[in-house]
Amino acid sequence: MGLNSEGRLGAYEPKGVIQDSIHGFIPINDAEYWLLQTPFLRRLHGVKQLGMAFLVFPSARHSRLEHSLGVMHLASMIAAKVASVAKRDQRVCDALASDCNRLTESLIQVARLAGLLHDIGHLAYSHMTEEAVKDLALFAEGRGSRALFEELTTLSGGNLKVHEAYAQVFIDRLLRLASEDPRAKKLKGLEGYLMAAKLSLTGSSMRSELQVLEDLGLSEGSVKVIHDIISNEIADADRLDYLQRDAQATGIVYGNIDIARLIHGITLTIDPDGKPLLGLDIKSLQTLEDIFDARYKMYRSVYFHHKVLAFSKAITMFMKALSQEWEPGLFPLYGNDSLPSLLLPSRLAEAIMNDAYYFDDSELDYMVKVYAARGQLARRWALSLLNRRDLVHVSIFKRSEELVLIAEDVLRSKGLPETPQRVADLMEYVVVNFKSLIDDVKKAFSDRLELDFFKSSIVDAAKLQASGLRVFNWNDSLYLRGLAEEAKIPVVLLYAYSNDEKFHVDSLRPRADELRKYIKDKVRDLMKEAAS
Numbered sequence: 187m188g189l190n191s192e193g194r195l196g197a198y199e200p201k202g203v204i205q206d207s208i209h210g211f212i213p214i215n216d217a218e219y220w221l222l223q224t225p226f227l228r229r230l231h232g233v234k235q236l237g238m239a240f241l242v243f244p245s246a247r248h249s250r251l252e253h254s255l256g257v258m259h260l261a262s263m264i265a266a267k268v269a270s271v272a273k274r275d276q277r278v279c280d281a282l283a284s285d286c287n288r289l290t291e292s293l294i295q296v297a298r299l300a301g302l303l304h305d306i307g308h309l310a311y312s313h314m315t316e317e318a319v320k321d322l323a324l325f326a327e328g329r330g331s332r333a334l335f336e337e338l339t340t341l342s343g344g345n346l347k348v349h350e351a352y353a354q355v356f357i358d359r360l361l362r363l364a365s366e367d368p369r370a371k372k373l374k375g376l377e378g379y380l381m382a383a384k385l386s387l388t389g390s391s392m393r394s395e396l397q398v399l400e401d402l403g404l405s406e407g408s409v410k411v412i413h414d415i416i417s418n419e420i421a422d423a424d425r426l427d428y429l430q431r432d433a434q435a436t437g438i439v440y441g442n443i444d445i446a447r448l449i450h451g452i453t454l455t456i457d458p459d460g461k462p463l464l465g466l467d468i469k470s471l472q473t474l475e476d477i478f479d480a481r482y483k484m485y486r487s488v489y490f491h492h493k494v495l496a497f498s499k500a501i502t503m504f505m506k507a508l509s510q511e512w513e514p515g516l517f518p519l520y521g522n523d524s525l526p527s528l529l530l531p532s533r534l535a536e537a538i539m540n541d542a543y544y545f546d547d548s549e550l551d552y553m554v555k556v557y558a559a560r561g562q563l564a565r566r567w568a569l570s571l572l573n574r575r576d577l578v579h580v581s582i583f584k585r586s587e588e589l590v591l592i593a594e595d596v597l598r599s600k601g602l603p604e605t606p607q608r609v610a611d612l613m614e615y616v617v618v619n620f621k622s623l624i625d626d627v628k629k630a631f632s633d634r635l636e637l638d639f640f641k642s643s644i645v646d647a648a649k650l651q652a653s654g655l656r657v658f659n660w661n662d663s664l665y666l667r668g669l670a671e672e673a674k675i676p677v678v679l680l681y682a683y684s685n686d687e688k689f690h691v692d693s694l695r696p697r698a699d700e701l702r703k704y705i706k707d708k709v710r711d712l713m714k715e716a717a718s
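When we follow the numbering used here, the leftmost residue of the sequence shown carries the number 187, and every step to the right adds one.
Following this line, the structure appears as structure tokens:
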């Protein structure tokens, strides 16, 4: 179970084990058991890890709570390895701790809580609604929208990071609860461990908060190390869990990673400024290649599946329409408030604490069903999420490779090298000039037709190189060098839809093939223009 010499798991007595489909038995201690009984953690039972992906992969119904437990478990093992490395090197220990005798216990406990709480701020259907909430804050008119904007921007440092903003408020509310609940008061130091976990997740550097670390025997350097344990661009507890968990849940055969070998290869070094840096040794090369292979294939097969993204866009469209057609008082659960007011992080935190409402998947499902029978534009998008697949966005490019092939063909015709960077430049030109593409399509087909696109990357080479995780020389792996080169090419998908339900079904879908050909020709023209 990973108990220390005093029989404790982290800083507390072991409470029991949870049977997990990926990691087997996951042990939990008294503090984690208390947290799992709070409404903030219970709520994660009702938030699917992959959002609406179950409409494409029917078995993908696992929750954020399962994933959070898995991340806690992996973070605990990684932190234990870091502590063992520090015990053998006084310089490393001094960089991590103000009291090396307490390092192992405190580092493991903070890492465990950071792993357990890292996804606490996710809303219904995870990332799929968060773009809509951002849109509500930026563009919605009416009661509550300005307050939502101000609260989200204040909490996220002006960046409108929705999940992070909610997480801060929820953890703060947990801290209050820990100071009030008699059961929590019996757990010595819990508030300090929770605060340290929050610092690791949010990166705060306020002196008043950093004092908590010293009280636990840790130093400021431990915050960055724990943050990297949970989240870095190369091999973190978050990614190591979801790649395996999501692969199993979707039935995809990728994601088999030798976790034990990876953890064995973890190193810790000190940079010229005296700060500790997490790293991997050269013996971890094969395992790291497996991680990137699983990552590449899972993103291609699941996360960036054109239908999964189409349903994600449908959720966003429904939320936008819902904010316009929201009827105060329709749902007794929410009283007479506007939708933006209900979603204020501070308001939602109190609602969750009082079990008033959670804004989890089941609540959004209920809204979809109600508005499918009474809304206007909200009805159109609600139906697309229920049983009307013919109302979902039409995929123009089902795979990004279709755009890549067009770009390579254009480069060949111009006598130019078909390098990943040149291909990426042509694809970027299409995205930058997307407005002109929309105008051409509307003129050729109908003003009622709309286009949308998705653009992202599977691996961000720049972020990899800038990662705080120190690894062996990338040039030691031909596979990783090739992957970093191919990563320059973005993933770009195009979609067509209409807000007019009848037009979408009766006109757009029957002409989908004609529309695809027309848009592909226009994309080719744009790329030729860029290559000239």
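Each residue gets a CB set at the ideal place from its N, CA and C atoms; glycine is no exception.
Note that the structure is a prediction, hence the values are computed from the model and not measured.
For the candidate residues the options, whose alpha-carbon lies nearest to that of residue i?
| i | options | result |
| --- | --- | --- |
| A272 | L463, R697 and L516 | L463 |
| A500 | L448, V580 and D541 | V580 |
| G344 | S365, F620 and K320 | K320 |
| M713 | L602, L227, P225 and L471 | L602 |
| Q562 | L309, L361 and Q510 | Q510 |
| L664 | D479, L516, Y543 and A507 | D479 |
| Y440 | A364, L550, I468 and R481 | R481 |
| K708 | E199, D427 and L623 | L623 |
| D275 | S262, L289, M263 and D711 | L289 |
| P728 | F631, A670 and K706 | Because the chain is modelled from 187 through 718, residue 728 falls outside the range shown and cannot be assessed. |
| T605 | V616, A593 and E614 | A593 |
| L701 | K688, L680 and D686 | L680 |
| S470 | I443, S487, A496 and Y485 | I443 |
| Q397 | L495, M381 and L222 | M381 |
| G375 | L360, K584 and A217 | A217 |
| F545 | A310, G210 and S207 | A310 |
| K706 | R565, S417, D626 and G668 | D626 |
| L448 | K461, R431 and D467 | D467 |
| R667 | P458, K410, D646 and V677 | D646 |
| D611 | A716, V488 and H313 | A716 |
Which residues does DSSP list as the beta-bridge partners of residue i?
| i | result |
| --- | --- |
| D206 | G210 |
| S642 | V677 |
| L195 | Y198 |
| A283 | L404 |
| L637 | A682 |
| K410 | Its beta-bridge partners do not exist; DSSP assigns none. |
| S581 | Y681 |
| K234 | S249 |
| N215 | P200 |
Name the two residues that bound the continuous alpha helix (DSSP H) containing residue i.
| i | result |
| --- | --- |
| E476 | The sequence shown places Asp at residue 476, not Glu. Residues L471 to M484. |
| L299 | L289 to L303 |
| L623 | F620 to A630 |
| S254 | R250 to K273 |
| A500 | H492 to E511 |
| F335 | S331 to L341 |
| P368 | P368 to K371 |
| M314 | H313 to F325 |
| M539 | P531 to M539 |
| R667 | L664 to E672 |
| Y428 | A423 to T436 |
| P526 | L525 to L528 |
| D576 | Where D576 is concerned, there is no enclosing alpha helix (DSSP H), given that its DSSP letter is neither H nor E. |
| F243 | No alpha helix (DSSP H) contains F243, which DSSP labels as neither H nor E. |
| T388 | L376 to T388 |
| P518 | It is not in any alpha helix (DSSP H) - P518 carries neither H nor E in the DSSP assignment. |
| D547 | D547 to Y557 |
| S570 | L563 to L571 |
In terms of residues, what are the limits of the beta strand (DSSP E) holding residue i?
| i | result |
| --- | --- |
| I456 | I452 to I456 |
| P462 | P462 to L466 |
At a cut-off of 7 Å, would you count residue i as near the ligand COA, judging by its Cβ distance to the nearest heavy atom?
| i | result |
| --- | --- |
| Y440 | No copy of the ligand COA appears in this structure; indeed no ligand is present at all. |
Tell me whether the segment 330-347 and the segment 453-467 touch, counting them as touching only if at least three CB pairs, one residue from each stretch, are closer than 8 Å. In the pairwise beta carbon analysis, the segment 330-347 is classified as not touching the segment 453-467: fewer than three pairs are separated by under 8 Å.
At what residue ranges does the segment 674-706 contain a whole run of the beta strand (DSSP E), taking only runs of 3 or more? Restricting attention to beta strand (DSSP E) runs no shorter than 3 residues, the segment 674-706 encloses them at 677-683, ordered along the chain.
Pair every Cβ in the segment 394-403 with every Cβ in the segment 281-300, then say whether three or more of these pairs are closer than 8 Å. Taking 8 Å as the limit for Cβ pairs, the verdict is that the segment 281-300 does touch the segment 394-403.
With a threshold of 8 Å, are at least 3 pairs of Cβ atoms found where one atom belongs to the segment 260-272 and the other to the segment 431-442? In this structure the segment 260-272 does not touch the segment 431-442; the number of beta carbon pairs closer than 8 Å is below three.
Contact the segment 548-558 vs the segment 571-580: 3+ CB pairs below 8 Å: Here the segment 548-558 makes contact with the segment 571-580; the two share three or more CB pairs at distances below 8 Å.
Counting only runs that start and end within the segment 583-624, where is the alpha helix (DSSP H) found for 4 or more residues in a row? Listed in chain order, the complete alpha helix (DSSP H) runs (minimum 4 residues) inside the segment 583-624 are 586-599 and 606-618.
If contact is defined by three or more beta carbon pairs under 8 Å, each pair taking one atom from either stretch, is the segment 194-206 in contact with the segment 289-299? Yes, the segment 289-299 touches the segment 194-206.
Would you call the segment 227-243 and the segment 302-314 in contact, with 3 or more CB pairs under 8 Å? The segment 227-243 makes contact with the segment 302-314, as at least three CB pairs between them are under 8 Å.
Should the segment 414-424 be regarded as contacting the segment 249-262, the criterion being three or more beta carbon pairs within less than 8 Å? When Cβ pairs closer than 8 Å are counted between the two stretches, the segment 414-424 is seen to touch the segment 249-262, the count reaching three or more.
Is there contact between the segment 361-378 and the segment 305-319, where contact requires at least three CB pairs shorter than 8 Å? Fewer than three beta-carbon pairs drawn from the segment 361-378 and the segment 305-319 are found closer than 8 Å, and the two stretches are therefore not classed as touching.
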